[in-house]
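Those protein sequences? They're chains A and B, same order as listed. Numbering-wise, the first sequence is residues 1 to 179 according to the working numbering. Numbering-wise, the second sequence is residues 1001 to 1227 according to the working numbering.
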Amino acid sequence: MQSPVSSIGERLRAADARASLTALFESLRPDLLRFAQWLARDRSIAEDIVQEALLRAWRSRDALKEPAAARAWLLTIVRREHARLYERKRLELVCLDEAADIPDHAAATAADSSLLTLRVGIMKLPLEYREPLVMQVLGGFSTEEIARELGLTSTAVLTRLFRARHKLRALCGASGQTA
Amino acid sequence: MICEDARLAIGADPEAAGGELEEHLRGCDACRAFQDEMRSLDADIRRALAEPPDVRSVPARRVTRPWREYALAAGVVLAVAAATLVWLLRPTDSLARDVVAHVRAEPDSWLSTINVSAGSIDHALKSSGVGLDLASDKIVYAQSCWFHGHYVPHLVVQTTQGPVTVLILRHEHVKARDEFREGGMTGVIVPAGDGSIAVLARGRGPVPAIAAELRQEVHWLPEPATH
């Protein structure tokens, strides 16, 4: 029979571990939400995605060996959740018009209009370009990691990243921005 | 390493490093300038992504008076009718002009030298209900583009005489072959079943040969549902 003392000790340690992991997940939530919003371009959908991703992550928390790897691990789960939702609901087609619709308050508070142009440009990028760009710049994923995650060759990822920047560069040039 | 490869590497990752790239950059002022420009752009991209995008989560329902809704509906009907009339009466050569304008609007499409994945080609074709039995190793650009109210496959095929652009126009009926030369491009639009195929090259390219080959290989699939 198991000693009640060790049982209580284990439970306390497990409770501490759960609390630490919860705190870690919560500390990363703003990053995850921002990442999801740039993918989904819709705040409420992004919040759903992050909520579902955190639930999935919690269920498979044993797979997370190092707390330092939590950010990349959670971002990957968020991306997959977005991909699942995108497949199910065709979000890209639903949200295109909304993406072009910049609320007035954004224009009013944006000190840098060229930055606003760039933000709109990123929003309007097709998902096949926006996704690897956001993964690279915001998520910090390497080309190889993006390729593995998206099921592409590294060359295809390089091409998409090149084209994404090429389109943004053209946009910035067209709007008179000097980089 | 040639400039084109260097720019692809830098454009994909402005902080890219590597023996060949660095060696090229030491001897190429233009590519070094391109790298500086891309690094500056990347700094702006990071700033742009630092905050979430400014999109409304749910489209706000505006309270409108009934007469405004009727006026809006009537306006939409008139606009659609006018657009339809213009569409029906448009001259046939406007198709060639629009095709050229579309291709000119995507100048980077000519630059690619890397084969597109079979999945991307398949996506570009199937989004428009197009089947094409063309070797995928020839295709270096494949996009599903919005053109004349429909998504159409926009492909660039690499040939021994340079890149050739192809737009497969399921909804554009042409009675006869139409050859054109516009904006520094030569091209042809050929009937293909109920639709047509536009083939363009910068300068002189194997336009007729590619058009003839594609006419044999293209077939129409059930059109996908629009969303």
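C-beta: ideal position from N, C-alpha, C; glycine also.
- Message: Pull the bridge partners of B:ALA1198 from the DSSP assignment, please.
- Response: Answer by DSSP bridge pairing, in chain order: B:LEU1167, B:ILE1189.
- Task: Taking A:GLN136 and A:ILE122 to be in contact with their CB atoms under 8 Å, please state how far apart those CB atoms are, rounded to whole angstroms.
- Result: In fact, because the Cβ distance is near 12 Å, the residues do not count as touching under 8 Å.
- Taking one C-beta from the region 1190-1201 of chain B and one from the region 1212-1223 of chain B each time, how about it: are there three or more such pairs within less than 8 Å? Segments in contact, yes.
- Taking the continuous beta strand (DSSP E) assigned at B:ARG1181, which residues delimit it? Looking at the DSSP string, the run of the beta strand (DSSP E) that includes B:ARG1181 is 1178-1182.
- Taking Cβ-Cβ distances shorter than 9 Å, what residues in chain B pair up with A:TRP38? Ordered by position in chain B, the residues that pass the 9 Å Cβ test against A:TRP38 are LEU1049, PRO1052, PRO1053.
- Grab the span of the beta strand (DSSP E) containing B:GLN1158 for me, first residue to last. Counting along the chain, B:GLN1158 sits inside the beta strand (DSSP E) bounded by residues 1150-1159.
- Item | Simplified DSSP assignment, three categories, for B:LEU1111 | Here B:LEU1111 sits in coil by DSSP.
- Task: Would you mind working out which of B:LEU1049, B:PRO1206, B:ALA1017, B:ARG1032 sits nearest A:THR117, comparing C-alpha positions?
- Result: That would be B:LEU1049, whose Cα lies nearest to the Cα of A:THR117.
- Report the residues of the region 1026-1039 of chain B with a CB closer than 7 Å to any CB of chain A, ordered along the chain. Answer in chain order: GLU1037, MET1038.
- Where DSSP assigns a beta bridge to B:ALA1079, which residues make up the other side? Partner(s): none; B:ALA1079 has no beta bridge.
- Is the CB of A:ALA72 under 8 Å away from at least one CB in chain B? Not closer than 8 Å to any Cβ of chain B, the Cβ of A:ALA72 fails to qualify, so no.
- Hey, how far is the Cα of B:ILE1197 from the Cα of A:ARG148? Their Cα atoms are separated by approximately 35 Å.
- What did DSSP end up calling B:LEU1132 once you bin it into helix, strand or coil? In the structure shown, B:LEU1132 adopts extended strand secondary structure according to DSSP, grouped into three states.
- If you follow the alpha helix (DSSP H) that B:VAL1207 is part of, which residue opens it and which one closes it? Start and end: 1207-1217.
- Task: Check the Cβ-Cβ distances between B:ILE1045 and every residue of chain A, and say whether any is below 8 Å.
- Result: Look at B:ILE1045: its C-beta is under 8 Å from a C-beta on chain A.
- Message: Short of 8 Å in beta carbon distance, which residues of its chain neighbour B:PRO1035, apart from the five on each side in sequence? Order them along the chain.
- Response: This sequence places Gln at residue 1035 of chain B; Pro is not what is there. The answer, listed in chain order, is ILE1010, PRO1014, LEU1025.
- Query: What are the boundary residues of the beta strand (DSSP E) that B:ALA1118 is part of?
  - Reply: Looking at the DSSP string, B:ALA1118 is not in any beta strand (DSSP E); the run it does join, the alpha helix (DSSP H), is 1118-1126.
- Can you list the residues of chain B that A:HIS82 reaches, using a CB-CB cut of under 7 Å? Within 7 Å Cβ-Cβ: nothing; A:HIS82 doesn't reach chain B, min ~14 Å.
- With DSSP run on the structure shown, which of helix, strand or coil describes B:PHE1034? DSSP places B:PHE1034 in helix when its eight states are reduced to three.
- Are the beta-carbon atoms of B:SER1120 and B:ALA1105 separated by less than 8 Å? Taking 8 Å as the Cβ cut-off, B:SER1120 and B:ALA1105 do not qualify as a contacting pair.
- Query: Quick one: which chain A residues come within Cβ less than 9 Å of B:ASP1108?
  - Reply: PHE162, ARG163, HIS166, LYS167, ALA170, listed in chain order.
- Query: Where does B:VAL1199 land, buried or exposed, given buried means 16+ other C-beta within 10 angstroms?
  - Reply: With 16 or more other Cβ atoms within 10 Å, it is buried.
- Run down chain B in chain order and give the residues with a C-beta less than 9 Å from the C-beta of A:ALA53. Within chain B, no residue comes near A:ALA53; the closest Cβ sits about 16 Å away, beyond 9 Å.
- Item | B:CYS1145 (DSSP reduced to helix, strand or coil) | Correct three-state label for B:CYS1145: strand.
- Task: Compute the distance between the beta-carbons of A:ARG71 and A:LEU28, then report whether it is under 8 Å.
- Result: Contact: yes.
- When the cut-off is 8 Å and only beta carbons count, does A:ALA111 lie next to chain B? Confidence is the limiting factor: at A:ALA111 the pLDDT is only 49, short of 50, which leaves the residue's position unreliable and the question unanswerable from this model.
- Query: Buried or exposed: which applies to A:LEU55, given that a residue is buried once 16 or more other Cβ atoms fall within 10 Å of its Cβ?
  - Reply: Flag for A:LEU55 reads exposed.
- Item | Three-state secondary structure (DSSP) of B:ALA1162 | The sequence shown places Gly at residue 1162 of chain B, not Ala. Residue state, collapsed to three classes: strand.
- Item | Close Cβ partners of B:ALA1211 (< 7 Å) along its chain, the five nearest in sequence each way excluded | Correct list, in chain order: VAL1188, VAL1190, ILE1197, VAL1199.
- Task: Enumerate in chain order the residues of its own chain whose CB-to-CB distance from B:PRO1224 is below 6 Å, with the five nearest sequence positions on each side excluded.
- Result: Take B:PRO1224, set aside five residues on each side of it, and the residues of its chain with a beta-carbon closer than 6 Å to its own are GLY1129, in chain order.
- Under 8 Å by Cβ, that's how I've got B:SER1144 and B:SER1117 pegged, so tell me the actual separation to the nearest angstrom. Actually they are not in contact, since the Cβ atoms of B:SER1144 and B:SER1117 sit about 14 Å apart, beyond 8 Å.
- What whole-angstrom Cβ distance do A:LEU168 and B:LEU1021 have, given they're in contact under 8 Å? No, A:LEU168 and B:LEU1021 are not in contact; Cβ-Cβ is about 21 Å, not under 8 Å.
- Find out if the Cβ-Cβ distance for the pair B:VAL1100, B:LEU1167 is shorter than 8 Å. In this structure, B:LEU1167 does not lie closer than 8 Å to B:VAL1100 by Cβ.
- CA-to-CA distance, B:ARG1177 to A:LEU115, given in whole angstroms: For A:LEU115 and B:ARG1177, the gap between their C-alpha atoms comes out near 47 Å.
- Message: In the DSSP assignment, the alpha helix (DSSP H) including A:SER114 goes from what residue to what residue?
- Response: Run containing A:SER114: 113-124, per the alpha helix (DSSP H) assignment.
- Task: Kindly indicate the opening and closing residues of the alpha helix (DSSP H) around A:ALA135.
- Result: Note that residue 135 of chain A corresponds to Met in the displayed sequence, not to Ala. Secondary structure note for A:MET135: its alpha helix (DSSP H) is the uninterrupted segment 127-137.
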